[in-house]
Structure formats: C-alpha cells, structure tokens
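Chains as they are written, first to last, in our numbering: chain P, -3 to 159; chain L, -3 to 159; chain D, -3 to 159; chain W, -3 to 159.
Step one of this worksheet: look at the structure below.
Number of protein chains: 4
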Amino acid sequence: MSRIIVGVMGPGGPVSDKLTRDAYELGKLIAQKDWVLLSGGRGEGVMDAVNQGAKSSGGLTIGVLPGGDKRGMSTAVDVAVVTGMGSARNNINVLSSDIVIAVGLGAGTASEIALALKAQKKVILVDCPEEGVNLFCKLAADQVAIAQSPSEAVSLVEKLFSQ
Amino acid sequence: MSRIIVGVMGPGGPVSDKLTRDAYELGKLIAQKDWVLLSGGRGEGVMDAVNQGAKSSGGLTIGVLPGGDKRGMSTAVDVAVVTGMGSARNNINVLSSDIVIAVGLGAGTASEIALALKAQKKVILVDCPEEGVNLFCKLAADQVAIAQSPSEAVSLVEKLFSQ
Amino acid sequence: MSRIIVGVMGPGGPVSDKLTRDAYELGKLIAQKDWVLLSGGRGEGVMDAVNQGAKSSGGLTIGVLPGGDKRGMSTAVDVAVVTGMGSARNNINVLSSDIVIAVGLGAGTASEIALALKAQKKVILVDCPEEGVNLFCKLAADQVAIAQSPSEAVSLVEKLFSQ
Amino acid sequence: MSRIIVGVMGPGGPVSDKLTRDAYELGKLIAQKDWVLLSGGRGEGVMDAVNQGAKSSGGLTIGVLPGGDKRGMSTAVDVAVVTGMGSARNNINVLSSDIVIAVGLGAGTASEIALALKAQKKVILVDCPEEGVNLFCKLAADQVAIAQSPSEAVSLVEKLFSQ
C-alpha cells in the first residue's frame, strides 16, 4: 500500500515571518507523523519552509515542480517530480494529496484550493485571510476546515484519516 | 497574426436561468465582435449556453475539453481541443485567452480565475457572488473588473484591447 | 457537430526543401477539403510550412503551442492554444486530431506518432525514414499507412473518413 | 540535494516471462544502489515487476499514474503521483528521471523514449526489438545505449553518473 501523502500548498514569493514559522512547524509535525509531504517544491516562501521543517525531522519530501528542470527547487526536497507544465501542475498537487493543507493565500494557492474542492478533496486552511475562508466555505463548506495553528491542522488530518 | 480569443469560464452543472441567459447573450456579443470564443467546451451550464449564443451569431467556438474524447461536448463547439487532462486543462483555458470572462462561480471556475490572475491575465467577473469578488479583488485588484451585464463585459474587453 | 480536424506533425527545426514543399502542399490540400488543420504551431520547419500552405487556401489553422505564450508561433496560425506544457502537449495534438499525418521524423514527431498509436488513432506517414516505418508498423501495423505524396495522404484520409 | 531518480519505462500489458524477470531484477539492482525508482506506476507488466523488484530490496518507489486516482496502481509503489493526465504524464516520467531505462517496447514506451530523447536525456534500452534500436539510434545515437542485461544497464547508469 502506498504511503499517506499530505499536500501543503502556499505562496512561493516573500512571505511573512508568521507564515514561514507556521509552514516550518507544519512540515516538522507532518514528518513526525510519518506522512509524506508533497508540495510545489520551489525554494522560497511557504514551499521552502514546509520542506525544511519536514527534513528537520527526517521526513520524506516530494516536490512537484512547475519548471522543466530542477532550477529553483527547495534544497529540502528529496524527490523532485519535474512536470514542465507551469501552473497546470497545481492539479497534480491536489490529486496526489490524500488531504490538502493551505498555509497563507496567493493566486496560485487559491487555484490549488479550488482545484482540490473540485476534486472532492478535504482542505484545511491555516493563516487564511477572511476573504478566502468566506469564498471556500461558500463553494464547498463540507470539504473545508479552519485550523488556528499547525498542530490543530495535524489534529484535523488525524481525525479525517480515522473516519 | 492569430485572432483575438476571449475565454468564457463558468460552471458546467445545472445553473440558474439568469446565468444561462447571460452566458448565451455574452456568446452572441463576442461572436458579433468577431472574437473567437474559447471555453471548457462541455455541453451543460454556462459552457453550453455561451457556445450556443456564439453560434447563433455565426462565431467561431473552441472547446478545450477535460476528457480524452468528445463525449459530453457542447453541440455548439466548432473545434474541439481534446486534452485528456481533467481540470489541469483549466490552465490551458486561461493561457490561451487574451482575456478571461467568468460568468457565475463554482469551484472549477474559481480555479480558472485564480490561474488567470497567477498568469497576469485580466479577468472580468459577471454574476459573481460577493465572496468571489472580495477574494479576487484582494488577490489582484488591478487585474479584476466587475461587469453588471454581458454588454458591459464586452465594453470592458474593448476598452482593454484598445489600451 | 464539431469540424473534422486533421493533425499534421513534423519537425520544427531546419528541414529539407522536400519536407517544406510537402508540408506546404499538404496544408493546402487539407484546407481545400475544408478540414481544420491542427499542428504544434511553431514558426519553423514542417509546422510553419503546413500552416502557410493551409492559409494559402483559406483554411482554418489551430496551433497547440508548447510554450506559455505565443512567442515563436507560426504567422499562419489562426487560433493559438497556449498550453505552457512543453512536449506534454504532444498528447493533446494527437487526442484532438481525428487523424494524424506525420511529415518527416524527429524525436518530437516520433513521440507524437507513438502517442497516437497508443490512443488508437490512425497515422499516415509521409517522408518517413525506413527505420520509422519499420518500428511503427511493428508496434501497430493496422493503424499505420504510408503515403508517397501529400495528395496520396489526403486520399487516405478521405478513405478512412468514408469507412 | 534531491536524490538520484532512475526512470524505468516499459509496457503495462501482459508481457513475456523474460521481460518480467528482467524488470524485477532491474528494480532490485536500482534499489541496492540506493537510487529512487520512478515508473508509470501501474500494477501490471514491466511497471509492476520493476516496482516489486525494488521493494524486495527496500528501495523507494515513485509511481506517476495516468489516471485521476490510485486504481490499478502497483502494490509496490510507495509514493503515488496522481496526474489525471493520461499519456501526457509520459513527459513527466522522463523529465523527472536523471536517466531513463526502457525495458521492452510498446507504443507508450516508444513515446517515452522519444520524449526522453527530445528532452536531451540519456536512454538505456533493455530487451528492445531491433526496429526500436534502429530508430532510436537514428534519432539520437549519442543519447542511446544498449544493455544486454539489467546488470549491464546499471553499470551503464553508474558510468554516466560518474562522468
């Protein structure tokens, strides 16, 4: 049986210290649960921080890259999936994740949340601005949960997997 | 030089009469301007209505289909682009459109708007619920415009193309 | 009902005069039959020549581009489908074509022929080196036909469509 | 730094005992070298055998699946990348592989070899029929090597990585 994959999506650009800390902490907790971390794999913002966190606890990290080679990849990605498909790879991110956690919100992350809802996946929102919470709950309230912290997000994942 | 393509995105499932009427009207106006209509191509909801409207005025319609063949396609699609990629084709929809108009809002449409913003495209929202307007304006206010009707949407497109 | 699409695949780089002439002639004949021409859309080699030929007879030309914008596109493409997917778009080329004609053979073209055979499409080979003919006939003899000229290729397409 | 990925491509359908044995042996040897095995991930033919072989020696196995969920996956895949893209995922297989080994040859495998050559990857052919060897060497002789056995294929990979 294949391993459980938790997908963490979030902005790649310069992000706040809080987002970076939360993403790092979340990656660490995911690794401690022995789940595989899947992300967009780039070496900046939430994507980099969550991978660094997971590696700090010896987790396995998969990066699904938008480009046609590994340039710009996070140094904490173990296995690079090179798609060469740009943002079309966002759909692979969500289809491959048993559950999706979004940390923060940019346009790319918003597309991943929407694609996850379309694919009937559960999505946990961390550090999501009110406007995002309002829209995603309107689109599919029964698939969306809000977590106040990385550890609450992980508790929610556990609850969902034990159902 | 290739022709101007206006992409119209919108829910595929059963939609309200107002959405159907607006999508049909929008397709008609796009055809009258001699722009090419690009859509998700399926034979239901906004996708079907906008194509039927465009054909009613003799427009050229391109349908970028999610499936691996033409099953479920709108009867008003002239040229079927068969992607076999599911929702990953949403990114092709927006990259191929010189401008994106969203009519109504479901999870798939929300992903297309977000992908369009990520790709630095302009997006015009028609019949968009307040929660959608709020989020998309927060993500990229300078790329988003609100139209109260299909004809206002077409006026906005003209304004953007004359810039 | 959507229009018949004939996909013409072939090398993009510098190609021989014979390939260029045959591709141009083939595009012209396709347009005269009122079929839609679909190609990889780039402005060089077989791709450019076949589009130029089709436009010389007023045909409709669709270019399914590998890049994320229209740079490098053939000037004879009417409708640009911008995939941003690199060579993964080769599968869209073949899925979207009612029949595939390959003119010449490079690595990209070989992948398109193989993908077409995998998708159970018929493929007509024009100016195909012996090594290509041998392999593709071995893989799926009943899906492959050899044409000695553009006009023979078009006759074969007609025969297949009348079956 | 991300781990070395060896992609093994091969037919999914019913295959000969020799192909099954060679794929299994190759997977085992790849795992013993501590390389990550990447394959098309389906639970049949070469794809299944190579994954089973790799797991028999405790390797890490990545399956890049064509479908939109995990149905039909090899039981020996650790990490499932769910693309929902059909054969368009073949390009991801080759872009993600530091080197590609093909075992046997069907239409899908031929497309992967051709896409690999297009992407400037090295390809090692095992159990490849003469027609395949002839074509792929014609297309890009300097990127293709022939191995008489799984162990020779692994020696060739080592040689390439030490260059």
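Heads up, the beta-carbon is just placed ideally off N, CA and C, and yes, glycines get one too.
If you're wondering where the values come from, they're calculated on a predicted model, not measured in any experiment.
Exercise. Fully enclosed by the segment 49 to 119 of chain W, which alpha helix (DSSP H) runs are 4 residues long or longer?
Worked result: The segment 49 to 119 of chain W contains these whole alpha helix (DSSP H) runs: 86 to 92, 103 to 114.
Problem set entry | Minimum C-alpha distance to W/Leu101 - residue among W/Lys66, W/Val60, W/Lys114, W/Leu131 | W/Leu131
Exercise. Closest Cβ-Cβ distance between L/Gly39 and chain D: below 8 Å?
Worked result: Not an interface residue.
For this session: On the DSSP bridge assignment, give the partners of L/Arg38 in chain order.
Result: L/Met69
Problem set entry | Distance CB(P/Leu135)-CB(P/Gly128) smaller than 8 Å | At least 8 Å separates the beta-carbon of P/Leu135 from that of P/Gly128.
Problem set entry | Supposed contact pair L/Gly3 and L/Ser83 - C-beta distance, whole angstroms, cut 8 Å | About 15 Å; that fails the 8 Å criterion.
Exercise. On the three-pair Cβ rule with 8 Å, is the segment 41 to 58 of chain P touching the segment 21 to 35 of chain W?
Worked result: In this structure the segment 41 to 58 of chain P does not lie against the segment 21 to 35 of chain W, because fewer than three pairs of beta carbons, one per stretch, are closer than 8 Å.
Exercise. If you measure from the beta carbon of D/Glu127 to each beta carbon in chain W, is any gap under 8 Å?
Worked result: Yes, because at least one Cβ of chain W sits closer than 8 Å to the Cβ of D/Glu127.
Problem set entry | Buried or exposed (CB count within 10 angstroms, at least 16 for buried), D/Glu108 | buried
Exercise. Alpha carbon to alpha carbon, how far is L/Asp30 from L/Gly55?
Worked result: 7 Å
Exercise. Name the chain L residues whose beta carbon is nearer than 7 Å to that of W/Ala84?
Worked result: Gly80, Met81
Problem set entry | Best match in P/Gly41, P/Asp13, P/Val32 for proximity to P/Gly104 [C-alpha to C-alpha] | P/Gly41
For this session: Please check the pair D/Arg85 and D/Val60, which I expect to be a contact at CB under 8 Å, by giving their CB distance rounded to whole angstroms.
Result: 5 Å
Exercise. Can you give the Cα-Cα distance for W/Lys66 and W/Leu34, rounded to whole angstroms?
Worked result: 16 Å
For this session: List the DSSP bridge partners of D/Leu121.
Result: D/Ala98, D/Ile142
Exercise. Between the C-alpha atoms of P/Gly6 and W/Arg(-1), what's the straight-line distance to the nearest angstrom?
Worked result: 24 Å
Problem set entry | D/Ile26 - DSSP class collapsed to helix/strand/coil | helix
Exercise. Along the chain, where does the beta strand (DSSP E) that runs through W/Asp3 open and close?
Worked result: It should be noted that the sequence gives Gly, not Asp, for residue 3 of chain W. Its beta strand (DSSP E) spans residues 1 to 5.
Exercise. Would a check of beta-carbon distances place W/Asp74 closer than 8 Å to chain P?
Worked result: yes
For this session: Give the DSSP-derived three-state secondary structure of L/Val129 in the structure shown.
Result: It is helical.
Problem set entry | Proximity test, Cβ basis, 8 Å: D/Gly64 and chain L | yes
Exercise. Pick from L/Gly63, L/Leu111, L/Pro125, L/Met81: whose alpha carbon is nearest that of D/Gly64?
Worked result: That would be L/Leu111, whose Cα lies nearest to the Cα of D/Gly64.
For this session: Can you say whether W/Gly9 is buried or exposed, counting buried as having 16 or more other CB atoms within 10 angstroms of its CB?
Result: exposed
Exercise. Looking at chain L, which residues of the segment 85 to 105 of chain D have a Cβ within less than 7 Å of any of its Cβ atoms?
Worked result: Asn87, Ile88, Leu91, Ser92
For this session: Using a Cβ cut-off of 7 Å, pull out every chain D residue sitting near L/Ile58, in sequence order please.
Result: Val75
Exercise. At a CB-CB cut-off below 8 Å, which residues of chain P make contact with L/Lys29?
Worked result: Residues of chain P passing the Cβ test: none, with the nearest at roughly 28 Å.
For this session: Determine the closest residue to W/Asn87 out of D/Val96, D/Val77, D/Pro62, D/Ser145, with distance taken between C-alpha atoms.
Result: D/Pro62
For this session: Report back the beta-carbon spacing between W/Thr71 and W/Gly39 to the nearest angstrom; my notes put them in contact at under 8 Å.
Result: 6 Å
Exercise. If you check the beta carbons only, do D/Val119 and D/Val96 fall under 8 Å apart?
Worked result: yes
For this session: Compare the C-beta of L/Arg(-1) against all C-beta atoms of chain D and say whether one is closer than 8 Å.
Result: Taking 8 Å as the threshold, the shortest C-beta distance from L/Arg(-1) to chain D falls below it.
Problem set entry | Exposure of L/Met69, with buried meaning 16 or more beta-carbon neighbours within 10 Å | buried
For this session: Using only alpha-carbon positions, find the residue among D/Lys155, D/Ser158, D/Ala98 that is nearest to D/Thr16.
Result: D/Ala98
Exercise. Should P/Gln139 and P/Leu156 be called a contact, given that it needs their Cβ atoms to be closer than 8 Å?
Worked result: no
Exercise. Does the beta-carbon distance from D/Glu58 to D/Val78 come in below 8 Å?
Worked result: Position check: residue 58 of chain D holds Ile in this sequence, whereas Glu was assumed. No; because the gap between Cβ atoms is not below 8 Å, this pair is not in contact.
Problem set entry | Per DSSP, cross-strand counterpart(s) of L/Leu152 | The partner list for L/Leu152 (beta bridge, DSSP) is empty, contrary to what the question assumes.
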